[in-house]
Ligand SMILES: *Cc1c(COP(=O)(O)O)cnc(C)c1O
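In the working numbering, the protein residues as written are 1308 to 1698.
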């Protein structure tokens, strides 16, 4: 066995010109028009949910991702909640989702009174394994009058919620087919994958609805924020309505025609978003270059592999990922300790959802691959500003 912790620390240092100071996992970069647009927004007095910046940011997102409409939300979790509601997810329904994800994916299901149902991942994408899911559904799912039921729990299964882990696209084609065959809505959690493409198409636009997040650690940030992507313009109108308290437009009457939510993104945040969107192509280019350098540096190191995009994908490499060989899985905490104590921030993957107290009794398939991978994943510094080359 080699001293894998020291080897990993030194290899990261070689790539990112570590100057002895602290290197975070992912920090925002504000080197464009952020301050200018914020000042413009303040001067306009339209700092809340209407105003030019909201429309402009939505337009930029739709154009960039190639969907018909983007609707801004206060954060990605709220965006997910609305997508589930709009897909007809009701109390006691089940929603299929990967066991390996950020808590928001499962929480949004719970906010609907529905039950997350955990699915295994594949090593190639670190996301939902469509083949394993299909075999599983063949076994446990039953279609009655076109509705999909879980034979084991008796509950209706309403949707599949794939998540593009660390920015790497899930294998969407077979997942979309499963959605069609089992009458399950496909909602993409593309929170991490702005700038990632599956077979040339931007993630988040495959299913009926998809979401993005602009939290401080994401590839672009608005402080906090999210968006819903859709190709259904009527749906986009309805989502705008529901996320703005379902108030029927009128000069003075307050009339709300359904249960609505105050999930709008303020214009102040959208102003930041417009400036960040102008920089997005540069961020992606820099992050892909950083990933290329990591891949080259880690190529010759025994005991660990740098995760690279599957052949069908072009990834934004939001969070760069190392996967320890099984023989070195026990060394993971040592690697985390040595890197973090030497100023290089690293992090393990999230705790699998079924190990959290509120989700321990949820239905799940065999999760062998997720169980195996989660012990071996280490995220390493990934900020766009780690590349200082002029591109
Ligand atoms: C960031 C993130 C979200 C949304 O998070 P917010 O902080 O609410 O914007 C949802 N799912 C995943 C997988 C995420 O990483």
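Positions of the beta carbon are idealized from the N, C-alpha and C atoms, including for glycine. All of these numbers come straight from a predicted model, not from anything done at the bench.
Margin query: So for residue 1380, helix, strand or coil by DSSP?
Written below: Translated into the one-based positions of the chain shown, residue 1380 becomes position 73. Residue 1380: strand per DSSP, three-state reduction.
Notebook entry, point to check: In three-state DSSP terms, what is residue 1469?
Noted result: As a working mapping, residue 1469 is identified with position 162 in the chain shown. Three-state result, residue 1469: coil.
Margin query: Contact criterion: CB-CB distance below 9 Å. Does residue 1462 meet it with respect to chain D?
Written below: The question asks about chain D, but that chain is absent: this structure has only one protein chain.
Check: When you compare only the Cα positions, how much space is there between residue 1521 and residue 1480?
Finding: The residue you call residue 1521 lines up with position 214 of the chain shown. The residue you call residue 1480 lines up with position 173 of the chain shown. Each residue's Cα considered, the two are about 26 Å apart.
Item checked: Limits of the alpha helix (DSSP H) - the one that residue 1576 falls within -> Counting from 1 along the chain shown, the entry for residue 1576 is found at position 269. It spans 1574–1605 - the alpha helix (DSSP H) in which residue 1576 sits, taken as one unbroken run.
Check: What did DSSP end up calling residue 1669 once you bin it into helix, strand or coil?
Finding: Reading the chain shown from its first residue, position 362 is the one you call residue 1669. In this structure, residue 1669 counts as coil in the three-state DSSP scheme.
Item checked: beta strand (DSSP E) runs wholly inside the segment 1417–1484, at least 3 long, in chain order -> Under the rule that a run must span 3 or more residues, the beta strand (DSSP E) segments found entirely inside the segment 1417–1484 read 1422–1426, 1448–1451, 1454–1457, 1464–1467.
Checklist line | Sub-9 Å separation of residue 1397 and residue 1577 beta-carbons | finding: Numbered from 1 along the chain shown, position 90 holds the residue referred to as residue 1397. Numbered from 1 along the chain shown, position 270 holds the residue referred to as residue 1577. In this structure, residue 1577 does not lie closer than 9 Å to residue 1397 by Cβ.
Notebook entry, point to check: With a CB to CB cut of under 6 Å and the five nearest residues on each side skipped, what residues in its chain are close to residue 1567?
Noted result: The residue you call residue 1567 lines up with position 260 of the chain shown. These residues qualify, in order along the chain: 1549, 1552, 1553.
Item checked: Any alpha helix (DSSP H) of 4 or more consecutive residues that is wholly inside the segment 1313–1392 -> 1341–1351, 1359–1372
Checklist line | Cβ-based neighbour list, residue 1449, same chain, cut-off 6 Å, excluding 5 preceding and 5 following | finding: As a position in the chain shown, residue 1449 is number 142, starting the count at 1. These residues qualify, in order along the chain: 1456, 1458.
Notebook entry, point to check: Should residue 1695 be labelled buried (16 or more other beta-carbon atoms within 10 Å of its own) or exposed?
Noted result: Position 388 of the chain shown holds residue 1695. By the neighbour-count definition (other C-beta atoms within 10 Å, threshold 16), residue 1695 is an exposed residue.
Check: Which whole-angstrom value is the C-beta distance of residue 1436 and residue 1446, which I expect to be below 8 Å?
Finding: As a position in the chain shown, residue 1436 is number 129, starting the count at 1. As a position in the chain shown, residue 1446 is number 139, starting the count at 1. At roughly 15 Å, the Cβ-Cβ gap does not stay under 8 Å, so residue 1436 and residue 1446 are not in contact.
Note to self: In whole angstroms, give me the CA-to-CA distance for residue 1543 and residue 1324.
What the structure shows: Working through the chain shown from its first residue, we reach residue 1543 at position 236. Working through the chain shown from its first residue, we reach residue 1324 at position 17. Roughly 45 Å separates the two Cα atoms.
Next item on the list: List the endpoints of the continuous beta strand (DSSP E) containing residue 1544.
Entry: Along the chain shown, one-based indexing puts residue 1544 at 237. No beta strand (DSSP E) contains residue 1544, which is instead part of the alpha helix (DSSP H) from 1540–1550.
Note to self: In whole angstroms, give me the CA-to-CA distance for residue 1646 and residue 1312.
What the structure shows: Taking the first residue of the chain shown as 1, we reach residue 1646 at position 339. Taking the first residue of the chain shown as 1, we reach residue 1312 at position 5. In this structure, the CA atom of residue 1646 is about 7 Å from the CA atom of residue 1312.
Next item on the list: Over the uninterrupted alpha helix (DSSP H) stretch that includes residue 1647, give me the two end residues.
Entry: As a position in the chain shown, residue 1647 is number 340, starting the count at 1. For residue 1647, the enclosing alpha helix (DSSP H) begins and ends at 1639–1648.
Notebook entry, point to check: In three-state DSSP terms, what is residue 1660?
Noted result: In the chain shown, the residue the question calls residue 1660 occupies position 353. Helix at residue 1660.
Check: In angstroms, rounded to a whole number, what distance separates the CA positions of residue 1593 and residue 1689?
Finding: As a position in the chain shown, residue 1593 is number 286, starting the count at 1. As a position in the chain shown, residue 1689 is number 382, starting the count at 1. Taking the straight line from one Cα to the other gives about 10 Å.
Item checked: residue 1661 versus residue 1415: straight-line alpha-carbon distance, rounded -> Here the question's residue 1661 lines up with position 354 in the chain shown. Here the question's residue 1415 lines up with position 108 in the chain shown. Using only the alpha carbons, I get a separation of about 15 Å.
Notebook entry, point to check: How big is the Cα-Cα spacing for residue 1344 and residue 1626?
Noted result: Indexing the chain shown from 1 puts residue 1344 at position 37. Indexing the chain shown from 1 puts residue 1626 at position 319. The straight-line gap from Cα to Cα measures roughly 28 Å.
Item checked: Backbone secondary structure at residue 1488 - three-state DSSP -> Against the chain shown, residue 1488 aligns to sequence position 181. It is helical.
Notebook entry, point to check: Counting Cβ pairs closer than 8 Å, one from the segment 1629–1639 and one from the segment 1608–1620, do we hit at least three?
Noted result: yes
Checklist line | Proximal residues to residue 1336 (C-beta, below 6 Å), its chain only, five neighbours per side dropped | finding: Numbered from 1 along the chain shown, position 29 holds the residue referred to as residue 1336. Result list for residue 1336: 1691, 1692, in chain order.
Margin query: One question on the structure: do residue 1378 and residue 1546 come within less than 9 Å of each other, judged by their Cβ atoms?
Written below: Here residue 1378 corresponds to residue number 71 of the chain shown, with the count starting at 1. Here residue 1546 corresponds to residue number 239 of the chain shown, with the count starting at 1. Yes, Cβ-Cβ distance for residue 1378 and residue 1546 is below 9 Å.
Check: So is the beta-carbon of residue 1412 under 8 Å away from any non-hydrogen atom of ligand 3?
Finding: Ligand 3 is absent from the structure shown, which contains only ligand 1.
Note to self: I'd like to check one pair, residue 1519 with residue 1408: are the Cβ atoms closer than 9 Å?
What the structure shows: Position 101 of the chain shown holds residue 1408. Position 212 of the chain shown holds residue 1519. No, they are not a contact pair.
Note to self: What residue range does the alpha helix (DSSP H) around residue 1681 cover?
What the structure shows: Locating residue 1681 in the chain shown gives position 374, where the first residue counts as 1. Element bounds for residue 1681: 1675–1681.
Note to self: Rounded to the nearest angstrom, what separates residue 1331 and residue 1565 at their Cα positions?
What the structure shows: Along the chain shown, one-based indexing puts residue 1331 at 24. Along the chain shown, one-based indexing puts residue 1565 at 258. The alpha-carbon atoms of residue 1331 and residue 1565 are separated by roughly 44 Å.
Next item on the list: Please go through the same chain and pick out, in chain order, the residues whose beta-carbon is closer than 7 Å to the beta-carbon of residue 1523, but skip the five residues on each side of it.
Entry: Here residue 1523 corresponds to residue number 216 of the chain shown, with the count starting at 1. So the list reads 1335, 1530, once near-sequence residues are dropped.
Check: How is residue 1700 classed by DSSP in three states: helix, strand or coil?
Finding: The question about residue 1700 has no answer, for the chain in this structure spans 1308 to 1698.
Next item on the list: Verify the contact flag: residue 1656, CB atom, against every heavy atom of ligand 1, threshold strictly below 8 Å.
Entry: If you number the chain shown from 1, residue 1656 lands on position 349. It does not: the Cβ of residue 1656 is nowhere closer than 8 Å to a heavy atom of ligand 1.
Margin query: Our contact map puts residue 1669 next to residue 1422 with C-beta atoms below 8 Å; I'd like the distance itself, whole angstroms only.
Written below: Counting from 1 along the chain shown, the entry for residue 1669 is found at position 362. Counting from 1 along the chain shown, the entry for residue 1422 is found at position 115. Contact flag correct, Cβ pair sits at about 6 Å.
Item checked: Inter-residue spacing [alpha-carbon to alpha-carbon] between residue 1486 and residue 1507 -> Here residue 1486 corresponds to residue number 179 of the chain shown, with the count starting at 1. Here residue 1507 corresponds to residue number 200 of the chain shown, with the count starting at 1. Using only the alpha carbons, I get a separation of about 21 Å.
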